[in-house]
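Here's the structure, in structure tokens; my notes come after.
Number of protein chains: 2
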Amino acid sequence: MTVMFSKKCEYGLQAVLYLAAHMDRDAIPAEEVAGKLSIPKEFVSKILQSLTESGIINSRKGKSGGFSIAKDPKKIKLIDIVAAIDGLSMFNSCVMGFPNCDVNNPCPLHDKWGELRTKAYSMLTDENLDQFREKTLRKVSNL
Amino acid sequence: MTVMFSKKCEYGLQAVLYLAAHMDRDAIPAEEVAGKLSIPKEFVSKILQSLTESGIINSRKGKSGGFSIAKDPKKIKLIDIVAAIDGLSMFNSCVMGFPNCDVNNPCPLHDKWGELRTKAYSMLTDENLDQFREKTLRKVSNL
DNA sequence: GTTTAATCAGACAAAATAATCTGATTAAAG
DNA sequence: CTTTAATCAGATTATTTTGTCTGATTAAAC
Numbered sequence: 445m446t447v448m449f450s451k452k453c454e455y456g457l458q459a460v461l462y463l464a465a466h467m468d469r470d471a472i473p474a475e476e477v478a479g480k481l482s483i484p485k486e487f488v489s490k491i492l493q494s495l496t497e498s499g500i501i502n503s504r505k506g507k508s509g510g511f512s513i514a515k516d517p518k519k520i521k522l523i524d525i526v527a528a529i530d531g532l533s534m535f536n537s538c539v540m541g542f543p544n545c546d547v548n549n550p551c552p553l554h555d556k557w558g559e560l561r562t563k564a565y566s567m568l569t570d571e572n573l574d575q576f577r578e579k580t581l582r583k584v585s586n587l
Numbered sequence: 445m446t447v448m449f450s451k452k453c454e455y456g457l458q459a460v461l462y463l464a465a466h467m468d469r470d471a472i473p474a475e476e477v478a479g480k481l482s483i484p485k486e487f488v489s490k491i492l493q494s495l496t497e498s499g500i501i502n503s504r505k506g507k508s509g510g511f512s513i514a515k516d517p518k519k520i521k522l523i524d525i526v527a528a529i530d531g532l533s534m535f536n537s538c539v540m541g542f543p544n545c546d547v548n549n550p551c552p553l554h555d556k557w558g559e560l561r562t563k564a565y566s567m568l569t570d571e572n573l574d575q576f577r578e579k580t581l582r583k584v585s586n587l
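Sequence lines, in order, name chains A and B.
Be aware that the first sequence starts at 445, since it is given in my numbering, and climbs by one per residue.
Be aware that the second sequence starts at 445, since it is given in my numbering, and climbs by one per residue.
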């Protein structure tokens with residue numbers, strides 16, 4: 445069981461952080477990303493392809509090709525990756541799965557979950573990819 | 445996509461809350477629970493069976509049989525249902541799926557997620573089933 | 001004791017998610 | 001221009017999750 449994102453999304457977050465932490469380098473092949481992060485190569489490749497369509501990363505075909513961050517990493521937030529892969533429905537769904545859970549018809553956890561959800565959203569929007577660089581490098585070097 | 449629990453767990457939480465909110469009545473058949481909560485009957489039946497094995501609810505076979513809360517609802521917390529169905533791994537896994545994510549080798553979100561996780565745990569442990577009774581009745585009456 | 005309405009058990013089916021395979025295309029480098 | 005190393009596209013497989021079906025068992029009520 446994953447915590448709150450799909451496996452695809454977890455991998456996507458890891459991979460994009462990896463690319464952002466290595467902006468200084470050229471395009472990075474899917475094989476390297478897969479190897480460093482222990483993700484199946486074809487799977488991470490697919491995920492990065494889809495993020496290319498979303499405009500978050502670039503891809504370059506052919507020899508010495510690979511993937512790289514598409515724009516200024518100061519302008520990319522983790523929420524962008526989550527939105528592109530899992531979507532944002534988790535931020536307006538009832539935590540217990542009740543339908544029509546809103547302020548007029550709240551489930552027993554509505555208020556408490558509401559606070560948590562707001563903080564979870566902040567967690568994904570407060571910092572940009574550039575600000576995660578060092579932490580990512582430290583984590584990746586210990587995998 | 446569910447928010448943070450599996451569908452099975454969401455249904456389990458809803459169903460147990462329903463039973464707890466109707467403790468005054470006799471055993472409640474799976475069919476009623478399924479109908480009120482719009483959950484497939486056989487599915488909720490399976491879920492309630494498994495919670496019977498976990499000792500959270502009782503079942504009675506035969507005519508006028510059904511399910512009921514097994515013990516004092518003041519002594520049951522939502523976390524008990526989550527633990528029985530999804531397990532507690534979500535409370536010690538990395539939110540981004542990194543391995544070995546701990547204080548010595550944290551992922552970029554480790555600290556922020558740590559706080560959230562603690563609060564999510566509180567959300568499931570602060571109140572007992574009895575305290576959810578009214579809120580549940582209000583919600584269920586508007587489904 | 002027969003009928004009826006329920007759980008229970010286990011197999012089965014469908015759908016979603018995760019992962020793999022194959023071959024085509026592309027572009028750098030010799 | 002040939003080789004090589006990469007993405008890309010799409011089909012396929014595997015696994016997990018979700019949901020369904022069938023029949024056996026149980027117990028209340030008549």
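From the three backbone atoms N, C-alpha and C, an ideal C-beta is built for every residue, glycine too.
If you're wondering where the values come from, they're calculated on a predicted model, not measured in any experiment.
Could you give the distance in angstroms between the alpha-carbon of residue i and the alpha-carbon of residue j?
| i | j | result |
| --- | --- | --- |
| T433/A | P552/B | It is not possible to answer for residue 433/A, since the shown part of chain A is limited to 445 through 587. |
| T496/B | N502/B | 6 Å |
| N548/A | C538/A | 13 Å |
| G479/B | K485/B | 8 Å |
| L463/B | S494/A | 44 Å |
| I529/B | L461/B | 15 Å |
| Y455/B | F511/A | 41 Å |
| Y565/A | C545/B | 21 Å |
| K519/A | R469/A | 19 Å |
| H554/A | L581/B | 14 Å |
| K452/A | L587/A | 19 Å |
| E559/A | S482/A | 34 Å |
| K579/A | R504/B | 55 Å |
| S498/B | S585/B | 28 Å |
Mind pulling the chain A residues with CB within less than 7 Å of residue i?
| i | result |
| --- | --- |
| L423/B | One cannot answer for residue 423/B here, as it falls past the ends of chain B, which runs 445 to 587. |
| A564/B | L560 |
Using beta-carbon positions only, say whether residue i and residue j come within less than 8 Å of one another.
| i | j | result |
| --- | --- | --- |
| D524/B | I500/B | yes |
| R561/A | F535/A | yes |
| N572/B | K521/B | yes |
| A471/A | G509/A | yes |
| V447/B | A459/B | no |
| M567/A | K556/B | yes |
| M445/B | I513/B | no |
| F576/A | V526/A | no |
Taking Cβ-Cβ distances shorter than 7 Å, what residues in chain B pair up with residue i?
| i | result |
| --- | --- |
| L457/A | M540 |
| F576/A | P552 |
Identify the contact partners of residue i in chain A, using a Cβ-Cβ distance below 8 Å as the criterion.
| i | result |
| --- | --- |
| N586/B | N544 and N549 |
| K579/B | P550, C551 and P552 |
| D530/B | M445 |
Under 9 Å Cβ-Cβ, which residues of chain B neighbour residue i?
| i | result |
| --- | --- |
| E454/A | C538, V539, M540, G541 and F542 |
| K519/A | Going along chain B, no residue has its Cβ under 9 Å from K519/A, so there is no contact; the nearest lies around 17 Å. |
Using a C-beta to C-beta distance shorter than 9 Å, which residues of chain A count as neighbours of residue i?
| i | result |
| --- | --- |
| S533/B | M445 and V447 |
How many whole angstroms separate the CB atoms of residue i and residue j, which I take to be in contact at a CB cut-off of 8 Å?
| i | j | result |
| --- | --- | --- |
| A474/B | S489/B | 4 Å |
| L457/A | M540/B | 5 Å |
| K583/B | P517/A | Actually they do not touch by this definition, with Cβ atoms about 43 Å apart. |
Give the residues of chain B in contact with residue i, contact being defined as C-beta atoms less than 8 Å apart.
| i | result |
| --- | --- |
| M567/A | L553, K556, W557 and L560 |
Between the region 470-482 of chain B and chain A, which residues of the former have CB atoms less than 8 Å from a CB of the latter, in chain order? For the region 470-482 of chain B, residues whose beta-carbon sits nearer than 8 Å to a beta-carbon of chain A comprise S482.
Compile a chain-ordered list of the residues in the region 486-518 of chain B whose CB is closer than 9 Å to at least one CB of chain A. Flagged: no residues at all.
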